[in-house]
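Numbering (the numbering used here), first residue to last: 655 to 748. Think of the CB as a built atom: it goes at the ideal place given N, C-alpha and C, for glycine as much as any other residue. Structure, as structure tokens:
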Amino acid sequence: MLKPLNPILHSELRLAIVSILVGVEEADFVYLRKQTGSTAGNLSVQLDKLSKVGYITIEKGFNGKMPRTVCRLTEAGREAMNEYIEALRGYIGG
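Rendered as structure tokens:
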């Protein structure tokens, strides 16, 4: 029987965000918006969802006078991504 896919990660934008964060220590909002091609509003909503389930942390601050939002993947987020990848392998027969 196939493992169910995590509904939090089975969203194109949330999967893209977590995929980016797997490969970096942290990423700011502007970088994530540019990499995903998302609107600021949609990205903000999806980051909030990932934060609420504990997959990412969000730190808000300033770089000089400019606001800066930095996101980091948590251990729970890394584990969820690994489980998601394993579930996908079951679907493709790997």
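Cutting at 8 Å between CB atoms, please list the residues of its own chain near residue i, excluding the five before and the five after it.
| i | result |
| --- | --- |
| S673 | M735 |
| L656 | A741, G744, Y745 |
Pick from the options: whose alpha carbon is nearest that of residue i?
| i | options | result |
| --- | --- | --- |
| V678 | G744, A741, I746, V724 | V724 |
| N762 | P658, V684, L659 | With the chain covering only 655 through 748, there is no way to say anything about residue 762. |
| T690 | I712, E680, L701, L667 | L667 |
| K703 | G747, S665, P721 | S665 |
Using the C-alpha atoms, what's the distance from residue j back to residue i?
| i | j | result |
| --- | --- | --- |
| L675 | R732 | 9 Å |
| V699 | Y738 | 21 Å |
| I710 | E729 | 9 Å |
Cutting at 7 Å between CB atoms, please list the residues of its own chain near residue i, excluding the five before and the five after it.
| i | result |
| --- | --- |
| V707 | I662 |
| L669 | L663 |
Skipping 5 residues on each side, what residues in its chain have a beta carbon closer than 6 Å to that of residue i?
| i | result |
| --- | --- |
| Y705 | Looking at the sequence provided, one finds Ser at residue 705 rather than Tyr. Within the same chain, S705 has close Cβ partners I712. |
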